[in-house]
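Listed in order, the protein sequences are those of chains F and W. Sequential numbering of the first sequence, starting at 1, is according to this note's numbering. Sequential numbering of the second sequence, starting at 1001, is according to this note's numbering.
There are 2 protein chains.
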Amino acid sequence: MSTSNGNSQPSDSPKPNGPFWSGGAAERNALAELLYLMGSDARGADALPAVPILMRIVREGNTLFAEGAQAEAIYFIRAGTFKTFRTAEDGYEQVLGFAGRTELVGFESLSTGHYASAAVALEDSSVYALLLRDLLSVGQRNAGLDRTVLQAVSRAMVRRGELAGVMSAVAAEVKLARFFVHLSDFMRVAGQSALTFHLRMSRRDIASYLGVAHETISRAIAALVNLQLVSVHARDVQIRDMRGLQALCGGTRQPVHDSNARHA
Amino acid sequence: MSTSNGNSQPSDSPKPNGPFWSGGAAERNALAELLYLMGSDARGADALPAVPILMRIVREGNTLFAEGAQAEAIYFIRAGTFKTFRTAEDGYEQVLGFAGRTELVGFESLSTGHYASAAVALEDSSVYALLLRDLLSVGQRNAGLDRTVLQAVSRAMVRRGELAGVMSAVAAEVKLARFFVHLSDFMRVAGQSALTFHLRMSRRDIASYLGVAHETISRAIAALVNLQLVSVHARDVQIRDMRGLQALCGGTRQPVHDSNARHA
DNA sequence: CGCGCGATTGAAGCGACTCAACGGCAGTGG
DNA sequence: CCACTGCCGTTGAGTCGCTTCAATCGCGCG
């Protein structure tokens, strides 16, 4: 979703044909790769209708799509990390989420034809693009792809729900603890170390995502470090007490400032 | 989404055949009705494969599905209002959203097989159920239904993003103002009065949805009334100054300096 | 009628926001 | 090569607003 252990191997031949898009003869392979990436069994992947899948490389800091732009495609992330956010009239950036390998971005555009949020790469990344006109075409559907899309969207919905979960916590340390636990879970299912990972986003982005001021993130990190729950150096995070961290996540309302002394 | 003007006519013959499900000969009609309800053009609705659509009545206060339960179906709301929420270990209810006519609930279950949140009817309601096994079946797909599902899910994603939008506001009055504006928008697109509507949810539910204490909701309502922006009696809301209300929505947080997005 | 629940209002404390300053780091251009 | 300039991250101090605890009122319901 948001981190990587310095692995993100650019090994598997991204090399695009054009400035933006690759395609042509490679499309058939791209579709099979996409289904494999997203965890679908590739049964019948050879007997597929001609659903073109394009690949696109996005360098760190570049935008995959802009908020409000005419929607052309939805994107499956092949490698790298993105943040999605909306920009208010006053310029405030509300981060809606971080998306990594195997995740889907840009899907909200399907109902309106315009992207409801922007997506920017937090590191050099690559995505598979599925054009909307192919997704909505009546004929020549690919059942495997359809199922893959539905499942990916379902997961995206779950992650949006988690956003509400982290923002609902009152105390900033609790929000941050939940954020770290979610990150750890993501690393684990990605087959990487669940206790050591690298933040790909700035403190500001985290703050926006959690709904607090960015200074509060600094202080919350310091608090978790003081509690011996984690070690943080720059953007490298090491979880030292997962149990304690999860215990901290429990509190929703009511401050966690434990206070053994109830008022007498 | 969440309100109705006391119209919700139970006229169009809900009458279920069994205790829970209706079906049988009416299924063919139900599919056509569903497509019409969701705004799809019903072209070729007669030449549909046999996709069974079941209808279900849910009385006020009853649960459509429970959090964590094995998922059987996703639901298109035909009439009424639901709230979706997750319950923390300490019993705190985090409201994830309110869903009304033409909206979709339960979709998150698709990726895990279990419902990630619970759905409870806030008034007597009826839904169309689309069984997961039909949704995921490889053969005999209905292109119109597929497209309808995708669009409904897209809209649900947009609404989840709006949740982040309301929770990101700092001041409680701003959150509430945004909530009212969203409600008004929903009423308008539903073809009802955009300035007068009835809240179907409790103050507590609103508070949970907006991420504040329920007492704060009372005070925020009083503040908006004092500002002559709205009138509120019990759960009946009348918007008196839509411009002022929208102006209040503007405030988010201090603007974040441009930063990212180097060259598009 | 009494009980419970929803809603409102008051009082007090504290936690997060805001403003501000500082150090470190990377990119840039003289 | 090194100042210069942003940006990121941290830390401090003060104010404000929300949370929490508490009491009260109205209403529906058994």
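Virtual Cβ for every residue (Gly too), placed ideally from N, Cα, C.
- Within the same chain, Ala1121 and Asp1124 come within 7 angstroms of Arg1059(W) by CB-CB distance, once the 5 residues on both sides are set aside.
- Here the alpha carbon of Gln228(F) sits roughly 24 angstroms from the alpha carbon of Asp205(F).
- In the DSSP assignment, Thr1196(W) forms a beta bridge with Gln1238(W).
- Between Asp90(F) and Gly1113(W), the beta carbon gap of about 42 angstroms keeps them out of contact (Cβ cut-off 8 angstroms).
- Chain F places no beta carbon closer than 7 angstroms to that of Gln1070(W), leaving this residue out of the contacts.
- Within the stretch 1085-1110 of chain W, contact with chain F at the beta-carbon level (separation under 8 angstroms) is assigned to Arg1086, Ala1088, Glu1089, Asp1090, Tyr1092, Gln1094, Leu1096, Phe1107, Glu1108, Ser1109 and Leu1110.
- Nearest to Ala99(F) by alpha-carbon distance, out of Leu132(F), Leu110(F), Leu130(F) and Val158(F), is Val158(F).
- Taking Gln1151(W) as reference, the option from Gly161(F), Ser231(F), Thr102(F) and Leu136(F) with the minimal CA-CA separation is Leu136(F).
- Proximity to Leu1248(W) across Asp1236(W), Val1212(W) and Val1166(W) peaks at Val1166(W), based on C-alpha coordinates.
- Within chain W, Leu1136 have C-beta atoms less than 7 angstroms from the C-beta of Arg147(F), given in sequence order.
- The bridge partners DSSP lists for Lys1083(W) are Phe1098(W) and Val1120(W).
- In the DSSP secondary-structure assignment, His233(F) is bridged to Asp236(F).
- For Gln1151(W), the nearest CB of chain F lies under 7 angstroms from its own CB, placing it at the interface with that chain.
- If you check the CB distance, Leu1245(W) and Ala1177(W) come in under 7 angstroms.
- In chain order, Glu108, Ser111, Thr112 and Ala116 make up the part of chain F whose C-beta sits under 8 angstroms from the C-beta of Val1158(W).
- Using a CB distance cut-off of 7 angstroms, Arg178(F) does not count as an interface residue toward chain W.
- Residues of chain F whose Cβ lies closer than 7 angstroms to the Cβ of Arg1219(W) do not exist; the shortest such Cβ separation is about 17 angstroms.
- The beta-carbon of Leu1132(W) is placed no less than 7 angstroms from the nearest beta-carbon of chain F.
- Ranked by Cα distance from Leu1163(W), the first of Leu130(F), Phe186(F) and Gly211(F) is Gly211(F).
- For the 7 angstroms CB-CB criterion, Ala156(F) and Leu199(F) do not form a contact.
- Beta-bridge annotation (DSSP): Val1174(W) is not paired with any residue.
- Per DSSP, the continuous alpha helix (DSSP H) segment holding Leu110(F) begins and ends at Ser109 to Thr112.
- For Gly1211(W), the residues of chain F that pass the 7 angstroms Cβ criterion are Met167 and Ser168, in the order they occur in the chain.
- Taking 7 angstroms as the cut-off, the beta carbon of Thr1102(W) is found closer than this to the beta carbon of Leu1037(W).
- Taken atom to atom, the span from the alpha-carbon of Leu1224(W) to that of Ile1239(W) is near 10 angstroms.
- According to the DSSP assignment, Leu1210(W) belongs to the alpha helix (DSSP H) that extends over Arg1203 to Leu1210.
- The C-beta distance from Leu96(F) to Phe85(F) rounds to 6 angstroms, short enough to meet the 8 angstroms contact threshold.
- Note that the C-beta distance between Gln94(F) and Ser1168(W) is below 7 angstroms.
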